[in-house]
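Residue numbers (our numbering), protein chains in the order written: chain A, 947 to 1298; chain B, -12 to 501.
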């Protein structure tokens, strides 16, 4: 199947009504050398011109570790035309055992006009049956959104980092969640960006002898990159929600004050400068400073705990990947709800 | 499988991890210059560090006889990790990790060496925040266990301070028979309580072994069929192409039955036949496993020859390459009667498994390396498509433990065409194909569990002793001076002796073709 094996190509153009038939043909031709694998449906939706090629490249990289049927959609909702074009292709990777090529199929759509009416029917008629359905929505959301679609989505992936009007966008997301008749898990990639940082900070307090330090936190400093203030705020929201803090005062865009359970004030300083989305966190509890920062190599975190008079013994931990493939991969590997995210969000909702 | 109380008490952990959190500790490895330390333990600890799974404060102290500095030990371990680690070594990570490696030179029998070890551990607690937690890993030969344990006790290293813990990990063999296992357990428990003792069986650390319980108890379709009513028989195979290699000294005193069946294969049998535990606590699972071992019908006296086949490989070829026979291997007695192959017909005398035989085979120098469990279901009634004149295969569910981990199900389907022809087809799930993420090595998982205090995947004392009560009568019959069952021979590269085929043929069954 020559067309399908080409990396990042949209593949073979197909008639909308013959997609399944053409896919079967594709697999029949490559049967001896390839294994088809799929653990989920991953639909990637974007309205950015040229996104079809860009997202095909992302799908190729994602399927290296997450076998899925990808449904890549580029929509031009303002177009006066009303038509849909489709292609099928496969992303093949040599398996870990090195014996066979493991392939994931991709169906690509270019929608011109009538997005809200066409989108549900296109997605729903091309899902691989019995597999969970993840919808990755790139960019802003529209109103109205089709309730029929939400009933089928298991995990709704978006990135709140790029939202211009956070309250309005979040209201649409929450409407989608209400309209879904089954459980719809909200997966914010802006939250996923914090996974490794949260993990690195949390591990300081695993030992029972460290628990009392949580109640004595007096100061947090977070350094974030331009455009990632919402990411830094979600981190603060996480600390606040998990430790039962309440916002006391917004002194400026850089300074906040929370009140802890015992009435103790916690000062938060947000500093913006170039670097990783959130590149350094320093937390003070009595005479101990807990630090998490990016190591020079960029993909490791350096964590350290320094008490007055003690030698600093830094350790390295994985920092994860902040690129779209890294974030999506982290999200796809995880199951279960994101209740902690919702709590964090609610804690700082008014600041976002 | 347990979530530790500590994890639940750290509110920042919520939603971040579903496994118990390992705690800061010092890990002391006895036999730090040995093969196991080089090939498995230090690479496993490095991988845990690279994945961010090690606790923030850890010190690894190699304890061995040869004089060596910390730096020498670090250099040696770096070579080992570069050679044996499952992931490439990153200089930045190694640099940090290696700072947690230390060497303590002492004879195992030198009391003073343990006193200085205790002092060193105290210092480590103060300098590195390991909080008085100690994990002692016995990677030395079993003949050294008693000496080490007595000295640990004398130096009071077996007892942890208030709020800390001391644990010991013991490698197999857990004795050579019931008496020696009990003696070993007595010696171990004289220094460490059972709750402090972790008997490692690396088969249980394998992803596919852990998946057996998920397959059985998370999928509602299997459990109703998992009994004598629907299952005809089970087969467990552990085949390897390798010969005795450099282990002749140990293998000559052990043989296939003690080396593999008493521990690994009986553990797999337990996982596949146990009842559902009430919860996922370590003892709940181990309680159910030990019930299975207790229910195994003991094979004694003349029954041994009928139900167990032992054999030894002779010269032959593996993958087209000629290989010597067992008796010609370096370090093996030219008249050795040690079995390199064993096949058993086992019955489990409980309600669920009555009349379902379990056939188990293990061998060296077999045509391919594969460990798997196959569940052979009863045939459909001989009516309609299954008339007695037509040969119809059984449905077989295969759980592949290694390599190519996965699960397959054989079922029957009509061949397309105008005539009615039925043939078996296979539905196949491969871990490697479906999940891009490589599984951690068994030792990584098990070390992490021991640091977290989760003993689920470790063998408990009663499991080990019960297993020996099953194995001992077979060994006794084999060692008998009079009427001992025959030792068969098979050429290297074959699937074992004909007698093993006969063992199943008598019941009208063949071994599964691998």
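Every residue gets a Cβ at the ideal spot worked out from N, C-alpha and C, and that includes glycine. Note that this is a predicted model, so its numbers are computed, not measured.
In this chain, the beta strand (DSSP E) harbouring residue 123(B) covers 121 to 125. Closest option to residue 1243(A), judged by alpha-carbon separation, among 1186(A), 1007(A), 1019(A), 1265(A): 1265(A). Note on the region -8 to 30 of chain B: whole alpha helix (DSSP H) runs with a minimum of 4 residues are -8 to -4, in chain order.
When C-alpha distances from residue 230(B) are compared across 479(B), 276(B), 213(B), the shortest belongs to 479(B). Scanning chain B for C-beta atoms nearer than 7 Å to the C-beta of residue 1263(A) yields 39, reported in chain order. Residue 1279(A) is not bridged by DSSP to any residue. Excluding its 5 nearest sequence neighbours in each direction, residue 257(B) has C-beta neighbours in its own chain below 7 Å: 276, 279, 280, listed in chain order. Close to residue -4(B), with beta-carbon spacing below 8 Å, are these residues of chain A in chain order: 1154, 1157. Per the Cβ contact rule, the region 67 to 83 of chain B is in contact with the region 32 to 48 of chain B (3 or more Cβ pairs under 8 Å). The C-beta distance from residue 1178(A) to residue 1224(A) rounds to 6 Å, short enough to fall under 8 Å. Here residue 492(B) is exposed: its Cβ has fewer than 16 other Cβ atoms, across all protein chains shown, within 10 Å. Residue contact check for residue 361(B) against chain A: no CB pair falls below 8 Å.
In the pairwise beta carbon analysis, the region 134 to 149 of chain B is classified as touching the region 177 to 184 of chain B: at least three pairs are separated by under 8 Å. Nearest in C-alpha terms to residue 955(A), of all of 999(A), 975(A), 990(A), 1232(A), is 999(A). Comparing alpha-carbon positions, the option among 306(B), 12(B), 433(B) lying closest to residue 112(B) turns out to be 12(B).
The closest CA to that of residue 1099(A), considering only 1116(A), 1086(A), 1109(A), 1065(A), is found on 1065(A).
In this model, residue 1140(A) and residue 1132(A) are separated by some 15 Å (Cα to Cα). In summary, residue 259(B) is buried, with 16 or more beta-carbon neighbours lying within 10 Å of its beta-carbon over all protein chains present. Nearest to residue 1237(A) by C-alpha distance, out of 1146(A), 1103(A), 1194(A), 1187(A), is 1146(A). Exclusion of the five residues before and after residue 428(B) leaves 27, 30, 31, 34, 73, 192 as the residues of its chain whose Cβ lies within less than 8 Å of its Cβ. Taking 8 Å as the cut-off, the beta carbon of residue 358(B) is found closer than this to the beta carbon of residue 388(B). DSSP lists no beta-bridge partner residue for residue 257(B). Around the CB of residue 438(B), 16 or more other CB atoms lie within 10 Å, so the residue is classed as buried.
The residue among 1156(A), 1051(A), 1175(A), 1251(A) with its C-alpha nearest the C-alpha of residue 1298(A) is 1175(A).
With a 10 Å radius around the Cβ and a threshold of 16 neighbouring Cβ atoms, residue 1054(A) comes out buried. Beta-bridge partners assigned by DSSP to residue 475(B): 298(B). Under the Cβ criterion of 8 Å, residue 384(B) is not counted among the residues facing chain A. Secondary structure at residue 404(B): coil, using DSSP grouped into helix, strand and coil. Among the residues of chain B, those whose CB is under 9 Å from the CB of residue 1285(A) are 1, 2, following chain order. For residue 115(B), a Cβ of chain A is located within less than 8 Å of the residue's own Cβ.
Residues of the region 1008 to 1024 of chain A whose Cβ lies closer than 9 Å to any Cβ of chain B, in chain order: 1009, 1010, 1011, 1012, 1013. Residues 228, 352, 354, 479, 480 of the same chain have their beta carbon placed closer than 8 Å to that of residue 305(B), with the five preceding and five following residues left out of the count. Not one beta carbon of chain A lies nearer than 8 Å to the beta carbon of residue 72(B). By the rule that beta-carbons nearer than 8 Å mark a contact, residue 1117(A) does not touch chain B. What residue 421(B) touches in chain A, judged by beta-carbon distance under 7 Å, is 983, 985, 1013, going in chain order. Against residue 1145(A), the close residues of chain B are 3, 4, 39, in the order they occur along the chain (beta-carbon pairs closer than 8 Å).
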